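Asks: Before we start, here is the structure in question, set down as structure tokens.
In the working numbering, the protein residues as written are 34 to 204.
In structure tokens:
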């Protein structure tokens, strides 16, 4: 049986959902990660940056865009100590400017994921996976990249069946 790690980056607080800025007590990607954990029994790991993003949604998006332009690699608070123990990495993130937040790039570059199955899942408000799968493939050429799951952030609380179907396809 495969050992599964569900590594995710998520943003609670001010977020863009269905055309409005709303305050979320829990980020959309975290909600999906927890549902995947319930279905798989995998271990959860939150990808967190040392420097916090601005709580204001608009300023946060500006910071994210600046990081993308600079190809920044934000420092992470913690790391997965036992990455060799995992065969499957379910990798979750919101779509920021067409790809993953730069903190997810940091996470991927911090580990040798050769031979591991990477299963990306992404929350967004209409931009789907963007070019994140291409970016993962570029960063982890020796890994097996599975088909990603893209969910609208505003619908994650009602996406149980979609998540179940995606998880079933990972076996």
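We treat Cβ as the ideally placed atom computed from N, Cα and C, and that holds for glycine.
These figures come from a predicted structure and were not determined experimentally.
1. From residue 101 to residue 201, what does the alpha carbon distance come to, in whole angstroms?
2. Nearest CA to the CA of residue 109: which residue from 143, 124 and 125?
3. Taking only the alpha-carbon atoms, compute the straight-line gap between residue 149 and residue 63 and give it to the nearest angstrom.
4. With C-beta atoms as the reference, is residue 121 less than 9 Å away from residue 35?
5. Please state if the CB of residue 52 and the CB of residue 90 are separated by a distance shorter than 9 Å.
6. If you scan the segment 87-161 from start to end, which runs of the alpha helix (DSSP H) of 4 or more residues do you find wholly inside it?
7. Just to confirm my understanding: we take residue 133, look at its own chain, exclude 5 residues before and 5 after, and list those with CB closer than 7 Å. What are they?
8. Quick check: is any heavy atom of the ligand MN less than 8 Å from the C-beta of residue 98?
9. Could you pull out every unbroken alpha helix (DSSP H) segment of at least 4 residues lying fully inside the segment 56-86, listed in chain order?
10. In its own chain, which residues sit with a C-beta less than 7 Å from the C-beta of residue 96, not counting the 5 before and 5 after it?
11. When we look at the beta-carbon of residue 107 and count the other beta-carbons within 10 Å, is it buried (16 or more) or exposed?
12. With a threshold of 16 other CB atoms inside 10 Å of the CB of residue 74, please say whether the residue is buried or exposed.
13. Considering just the uninterrupted stretch of the alpha helix (DSSP H) at residue 193, what are its terminal residues?
14. Secondary structure at residue 170, three-state DSSP: helix, strand or coil?
Replies: In short, the structure shows the following:
1. 33 Å
2. 143
3. 22 Å
4. In contact: residue 121 and residue 35 (Cβ atoms closer than 9 Å).
5. The answer is no: Cβ separation not under 9 Å.
6. DSSP runs (the alpha helix (DSSP H)) wholly in the segment 87-161: 90-103 and 135-142.
7. 126, 165 and 168
8. As for the ligand MN, it is missing from this structure, which has no ligand bound.
9. 61-73
10. 86 and 87
11. buried
12. Around the beta-carbon of residue 74, fewer than 16 other beta-carbon atoms lie within 10 Å, marking it exposed.
13. 193-201
14. Three-state result, residue 170: helix.
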